[in-house]
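Novice: Structure provided below as structure tokens; questions to follow.
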Amino acid sequence: MSILTDDAQTNLALKGTLLEGIRAALNRALRGKADVVEKVIACLLARGHLLLEDLPGLGKTTLAKAIAFAVGGNFSRVQCTPDLLPGDITGFSVFNQKTREFEFLSGPVFSDVLLADEINRTTPRTQSALLEAMAERQVTVDNIRHTLTPMFFVVATQNPFEHHGTYPLPEAQLDRFAMKLAVGYPEKSDELGLLAAAIGYVDDPLIQKSVLLKGQLAGLQEQVSKVLVQPNLQEYLVDLGRATRVHPKVTLGLSPRGLLIWQRVAQAWAFLKDRPFVTPDDIQDIAIPVLSVRLGLAPDEASNIINQLLETVPVPV
Amino acid sequence: MVPEISRLVRRSTFVLIVLASFGVEVAATDGRAVGQSICFLSIWIVVAAVVAQFIPIPTDPRSKPPLWLFFLLLGLALAPFVVEPLRRNWTGDGYPLEIQMVCSFRNVGLGFSVCAGWLLCLRLACVTSLFLILFSVSMTNHPAMMVVLGMYTATGSIWLMIAYWSAFRSVFVAPEKTVTIELHDSCERAPWLGFSVLVFFLGLALALVLVGPRRASYALGEWMPTSGGTGATDMFARFGVGDGPEETAGDNAKAAGMVETDKMIEDNKNSLIDAVNDLYGPPHKPNEDVERMVAAGKVDVIQFHGKLPDNKRPSRDFDTGRKGPKGNPKPKSQGARGVFEVQGRTPLHIRLVAYDIYEPVEKRWLEARKPTGKLIEAQGGDWMKLGFLKPNDWYLADERHRLKVAELKSNLVPTPSLLMHFRINKVDKSDYYEWDYEGVLVLAGRKSIPPGVIVTTDCRTVDPMRLPKSAFGTVGGTNGTSPNLGDVPSIIRPEILKLAREWAGDHPRGWLQIDAIQRKLLNEYTLDLNATAPPENPAPVLWFLNESRRGPDYLFASAFALMLRALDYPTRICMGYYASPDAYDPETAHTSVKVTDLHFWPEVLLLDGHWMVLEPTPGYGILGPTLSLFERILDAFAFLIFWLYSHIIKFTLLFCLLFAGWIKRCDLFDSLAFLIWASFPGKTWCEQVRGAMAILERRGRLSGKARKCRQTMFCWLRESLLKPSKPDADLYQIALMAQWAAYAQEAPPPWSQPEVLNVCHRVLGSWTLKRWREAPPDFLIGDKS
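Protein sequence lines correspond, in order, to chains A and B.
End of the first sequence sits at 333 in our numbering; the numbers just go up one at a time, nothing left out.
End of the second sequence sits at 931 in our numbering; the numbers just go up one at a time, nothing left out.
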């Protein structure tokens, strides 16, 4: 039995089509990683930023580019190196000899999808250039505020800390990411498929095909923000957040901004499952990617500690 | 807020319970030596402190205490009851049952405090200490109690500070750094099982009191804390908390205190001083030196060193002596509350008049003759001994009573039956006493006994079951028993004899025969003070025995005495006072006997010359021997066995029912819960689904497939039951409904209410407890996908 009106059913069908399109595009770019792709879409719909941490060559950049193409936005890429300067990301003012005025040359941050590749290879000073952009979707250069696009989405990739020539991201930067994902090695069958698909193609043209029209992503994001979260679930979220602050092994407890992001991602997760309300299962499903980026946990202990926290706080029923 | 369990908290908890234990000892001493009690307590504390060294500290304070802890606490709880008999043997002193219970509780508290590593034990230890200190404070006003209370308060404050230090710290440290949270290990559950057990036992106790055997009712009555008891079964039970010290000392009739006076050497003739007064007038009493205060200026007082010259004195002065406020003009009653007060165990029969001849024409008993010969010997220390009685080994320990005369209008010296020794202060010659009847002692040559006189008596106690057949003489036998004592009027003798033989049955001569008749009267006849025989009836006793089967106590006594006479037992009946245990006053620890306590009872003559009291009247009892605690327990156990044996069929059925109920308790509770849900499913669809899910969850828990703390209902059902190979549409539907009911209450439900109810009914009907249990182990909750 359906209780939805015709308009609502139309919207629902459209939503399904769009989401399936994004899923297909991203899965094509990143084979055999449907769970990662699902979380990436959730992050995108929750208006969060994504940090991909894994070894080189696992498809992080490919995935970021596929996202940019799929959502139909502008794509910029910054290859972070130790000599990169903040102005290289945000842009800078130059003196125009003709007009006798300073002109602002916008940096790569002025795009819909920004790929900050190997972000932890650049210095903390340069990393901090993204703080304002990620949190407020604006950039201030020479005391002039420049607004970014509403769908501004940062996909940063980083190599594990123990690799040579890396600078750990500051906590303030980490807290601005919605989630951290590891891509991981694909299965054997997926790798075989990958090789087979590469024969005869210089580049996959389907990956560069846009799925969403302009404004459709914003529509989806608006729908996500309306997903119902009952007060008992908000209390559950707060209890979990407070539990992180008293856990002896957690060096940095969950911030209120982190709580807000967690709720948004949970809404997006419920939205992806065609459910108009959030359940504790949604909160638990995305707990590890959301919390591991911001709790200051050792990478090998993160999932254990987060699971421990989830086991401790009873779910509302 | 969860208290921190540091070593300091555990130790301060131990100190709290120790202080509360001291408070209990102070409250329980009740006139006893405090030092001895404290010494006993110290032994317990030392034992607890030693035991504490061997108790491990759990790594997780919230973990469930181990099972051995239960046995440790049980042992500690039972220990005072085991130690008490030994203590009574060694020290001669003892605690009443209610104080033993409190001591048992105190031991449990000590046990909790030594296991305070577990949060549950810590909390229970604190609650126990609080109860004990409140109990102590409310039970006594001993000055030492205030000291103990002060120390307890101080220690309690320290405990609070240590236990909640993290919360206190938040006052001084930035709040964002001191966030605390209460974590729940498991979902809260109402303690239904404990509550049910409590209700069951309370109901059982109430049923025993109301409809159970009388003896059990008495026993349960004495379990009531601070009842003080009546002393009927345990001599220490009458000195419970609140007993005794409120008695008023003094020699006026109203004073219940057993304070010996010189009443008996007071003379109403004029003394020498009175004669002198008559001759020379009363002695001169100079006026008391009255202090006076003078009002003057400060300068004058300093100048004249406080002695003002006359010209400086003001014209007014006033007396510093003041009369107090006028008392209540309404005179208080100076009347005593009874004829006399009894200190000692009751029930007690105090003879006043003895009757030995039944006059058939006038249908009344005639008073017995006054015995010849004194047979009372002075023993020293004002004690008198009855010299004519032969010693016998069938008696048990003597019982001492003190009877304080209040408003006795005759010269009767109130004494219980089976009297051996007695004493009145300053009355040191046997000539002052004489016998009015056999066993009825009076003061010779006096019309009344003055108020305030205390009679101390030692009387024998006897267990009739131990009396040999030879203890009962025969009428006109070799022992010179008067033939009057076996006289039954010839008109009624055949019928009386027939009844007596019928009732005695096959029992041999002796106590069993007497007891058989007595039981018949006690069990089948009713005490009714207004049921008197018609005046024209020629034989009221036969009317009572055959027709009315109810009557006042004298008919019971007459009938019993005549029946025993028909069986050749020398008997008589007596009128006197009956000191009832019901009249026991816990405040004074006395039993007051009033004029209205007059009673009739029969007595049978024993071969050694004692008259043994019999009691065929329902509602009255006889003072039995004092039994030791062990004997009482054995007695109670034997009685219990006998009682159970006499109701063997009922108890077998009850046991089978209880056993079956216990085995099937889970199914019973489940059925009951389903019945309640089916009757009252709830108003909204959310309530209906929640109720159904609660039943499902309980079934899962009972079958070992409980929901985990982090699992939602949907997740739990999906992972435990909803296997892809065996899809159950209804179960899936109810799982969805549970999800909506819990997390989308504001959203419009996609189901109609009847549909919800139908699904719930179908799921609860199909997923029974049995089916849950039969679900294979791989249906248990797996990893979250």
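Heads up, the beta-carbon is just placed ideally off N, CA and C, and yes, glycines get one too.
So which residues on chain A does residue 885/B lean against when the C-beta distance must stay under 7 Å?
Specialist: One-based indexing of the second sequence puts residue 885/B at position 739. Neighbours of residue 885/B on chain A, chain order: 295.
Novice: Restricting to runs no shorter than 4 residues, where is the alpha helix (DSSP H) found entirely within the segment 782-818 of chain B?
Specialist: Counting only runs of 4 or more, we get 794-809.
Novice: Cβ of residue 916/B less than 8 Å from any chain A Cβ?
Specialist: In the second sequence, residue 916/B corresponds to position 770, counting from 1. With a threshold of 8 Å between beta carbons, residue 916/B makes no contact with chain A.
Novice: In chain order, what residues of the segment 770-792 of chain B put their CB closer than 8 Å to some CB of chain A?
Specialist: none
Novice: Going by DSSP in three states, residue 911/B sits in which element: helix, strand or coil?
Specialist: Mapped onto the second sequence, residue 911/B falls at position 765. Residue state, collapsed to three classes: helix.
Novice: Ordered along the chain, which non-local residues of its own chain (more than five positions away) have a Cβ less than 6 Å from that of residue 322/A?
Specialist: In the first sequence, the residue the question calls residue 322/A occupies position 306. Here the set comprises 303, 304 and 307.
Novice: Is the distance from the Cβ of residue 156/B to the Cβ of residue 300/B below 8 Å?
Specialist: Position 10 of the second sequence holds residue 156/B. Position 154 of the second sequence holds residue 300/B. In this structure, residue 300/B does not lie closer than 8 Å to residue 156/B by Cβ.
Novice: Provide the residue(s) that pair with residue 558/B in DSSP beta bridges, ordered along the chain.
Specialist: Along the second sequence, read from residue 1 onward, the residue named residue 558/B stands at position 412. Answer by DSSP bridge pairing, in chain order: 588/B.
Novice: Is any beta-carbon of chain A found at less than 8 Å from that of residue 830/B?
Specialist: By 1-based counting over the second sequence, the position of residue 830/B is 684. No, its Cβ sits nowhere closer than 8 Å to a Cβ of chain A.
Novice: Quick check on residue 208/B - is its C-beta less than 8 Å from some C-beta in chain A?
Specialist: In the second sequence, residue 208/B corresponds to position 62, counting from 1. No, residue 208/B does not count as interfacial toward chain A.
Novice: How many angstroms separate the CA atom of residue 584/B from the CA atom of residue 783/B?
Specialist: Position 438 of the second sequence, counted from the start, is the residue given in the question as residue 584/B. Position 637 of the second sequence, counted from the start, is the residue given in the question as residue 783/B. Those two C-alpha atoms are separated by around 39 Å.
Novice: Considering just the uninterrupted stretch of the beta strand (DSSP E) at residue 526/B, what are its terminal residues?
Specialist: Walking along the second sequence from the start, residue 526/B turns up at place 380. Its beta strand (DSSP E) spans residues 522-526.
Novice: Report the CB separation of residue 861/B from residue 327/A in whole angstroms; it is logged as a contact under 8 Å.
Specialist: Sequence index remark: in the second sequence, residue 861/B carries index 715 (1-based). Sequence index remark: in the first sequence, residue 327/A carries index 311 (1-based). 13 Å between Cβ atoms; not a contact.
Novice: For residue 856/B, return the contacting residues in chain A, with the cut-off set at a CB-CB distance below 9 Å.
Specialist: Residue 856/B sits at position 710 when you count from the first residue of the second sequence. In chain order: 296, 300, 323, 326, 327, 328, 329, 330 and 331.
Novice: Determine the closest residue to residue 164/B out of 247/B, 278/B and 543/B, with distance taken between C-alpha atoms.
Specialist: In the second sequence, residue 164/B corresponds to position 18, counting from 1. Residue 278/B is the option with its Cα nearest to residue 164/B.
Novice: Under three-state DSSP, which class holds residue 350/B?
Specialist: Along the second sequence, one-based indexing puts residue 350/B at 204. Here residue 350/B sits in helix by DSSP.
Novice: So, is residue 100/B buried or exposed, given that buried needs 16 or more other C-beta atoms within 10 angstroms?
Specialist: Because chain B spans 147 through 931 in this model, residue 100/B falls outside it and cannot be assessed.
Novice: For residue 492/B and residue 526/B, I'd like the C-alpha separation in whole angstroms.
Specialist: The sequence position of residue 492/B within the second sequence is 346, counting from 1. The sequence position of residue 526/B within the second sequence is 380, counting from 1. In a straight line, the C-alpha of residue 492/B is about 28 Å away from that of residue 526/B.
Novice: Secondary structure at residue 404/B, three-state DSSP: helix, strand or coil?
Specialist: Against the second sequence, residue 404/B aligns to sequence position 258. Residue 404/B: coil per DSSP, three-state reduction.
Novice: Could you work out which residue in 329/A, 228/A and 174/A is closest to residue 42/A when comparing CA atoms only?
Specialist: Position 26 of the first sequence, counted from the first residue, corresponds to residue 42/A. The candidate whose alpha carbon is nearest that of residue 42/A is 228/A.
Novice: Between residue 756/B and the rest of its own chain, which residues show a CB-CB distance below 6 Å, the 5 nearest in sequence each way excluded?
Specialist: Counting from one through the second sequence, the residue named residue 756/B turns up at place 610. These residues qualify, in order along the chain: 564.
Novice: What alpha helix (DSSP H) runs, 4 residues minimum, are completely inside the segment 214-302 of chain A?
Specialist: 232-241, 247-262, 272-288 and 296-301
Novice: Check whether the segment 771-791 of chain B touches the segment 714-726 of chain B, taking contact to mean three or more Cβ pairs, one atom from each stretch, closer than 8 Å.
Specialist: no
Novice: Does the Cβ of residue 577/B have 16 or more other Cβ atoms within 10 Å, making it buried, or fewer, making it exposed?
Specialist: Your numbering for residue 577/B matches position 431 in the second sequence. With fewer than 16 Cβ atoms within 10 Å of its Cβ, residue 577/B is classed as exposed.
Novice: Could you give the first and the last residue of the continuous alpha helix (DSSP H) run that contains residue 86/A?
Specialist: Along the first sequence, read from residue 1 onward, the residue named residue 86/A stands at position 70. Taken as a continuous stretch (DSSP letters only), the alpha helix (DSSP H) holding residue 86/A covers 76-86.
Novice: Is the number of C-beta pairs between the segment 820-834 of chain B and the segment 897-912 of chain B that are closer than 8 Å three or more?
Specialist: yes
Novice: Going straight from the alpha carbon of residue 392/B to that of residue 733/B, what length do you get?
Specialist: Here residue 392/B corresponds to residue number 246 of the second sequence, with the count starting at 1. Here residue 733/B corresponds to residue number 587 of the second sequence, with the count starting at 1. Note that residue 392/B scores 48 on pLDDT, short of 50, meaning its location in the model is unreliable and no value can be drawn from it.
Novice: What is the DSSP secondary structure of residue 92/A, reduced to helix, strand or coil?
Specialist: Here the question's residue 92/A lines up with position 76 in the first sequence. Correct three-state label for residue 92/A: strand.
Novice: Looking only at its chain, what residues have a beta carbon closer than 8 Å to the beta carbon of residue 543/B, apart from the 5 residues adjacent to it on each side?
Specialist: Within the second sequence, residue 543/B is the residue found at index 397, counting from 1. The answer, listed in chain order, is 607, 771 and 772.
Novice: Got a sec, what are the start and stop residues for the beta strand (DSSP E) residue 109/A sits in?
Specialist: Against the first sequence, residue 109/A aligns to sequence position 93. Note, residue 109/A: beta strand (DSSP E), 107-112.
Novice: Is the Cβ of residue 890/B closer than 8 Å to any Cβ of chain A?
Specialist: In the second sequence, residue 890/B corresponds to position 744, counting from 1. It does: the Cβ of residue 890/B has a partner Cβ on chain A nearer than 8 Å.
Novice: Give the straight-line distance between the Cα atoms of residue 680/B and residue 688/B, rounded to the nearest whole angstrom.
Specialist: As a working mapping, residue 680/B is identified with position 534 in the second sequence. As a working mapping, residue 688/B is identified with position 542 in the second sequence. The straight-line gap from Cα to Cα measures roughly 12 Å.
Novice: If residue 634/B and residue 552/B are in contact, beta carbons under 8 Å, what's the gap, nearest whole angstrom?
Specialist: One-based indexing of the second sequence puts residue 634/B at position 488. One-based indexing of the second sequence puts residue 552/B at position 406. The pair is not a contact, with the Cβ atoms about 39 Å apart (cut-off 8 Å).
Novice: Name, please, each residue of chain B whose Cβ falls closer than 7 Å to the Cβ of residue 244/A.
Specialist: As a first step, residue 244/A must be located in the first sequence, where it is residue number 228. Within 7 Å Cβ-Cβ: 890, 892 and 893.
Novice: Who are residue 601/B's beta bridge partners in DSSP?
Specialist: Within the second sequence, residue 601/B is the residue found at index 455, counting from 1. Residue 601/B pairs with 549/B and 570/B.
Novice: Any beta carbon from chain B within less than 8 Å of residue 46/A's own beta carbon?
Specialist: Translated into positions along the first sequence, residue 46/A becomes position 30. So no, residue 46/A is outside the interface.
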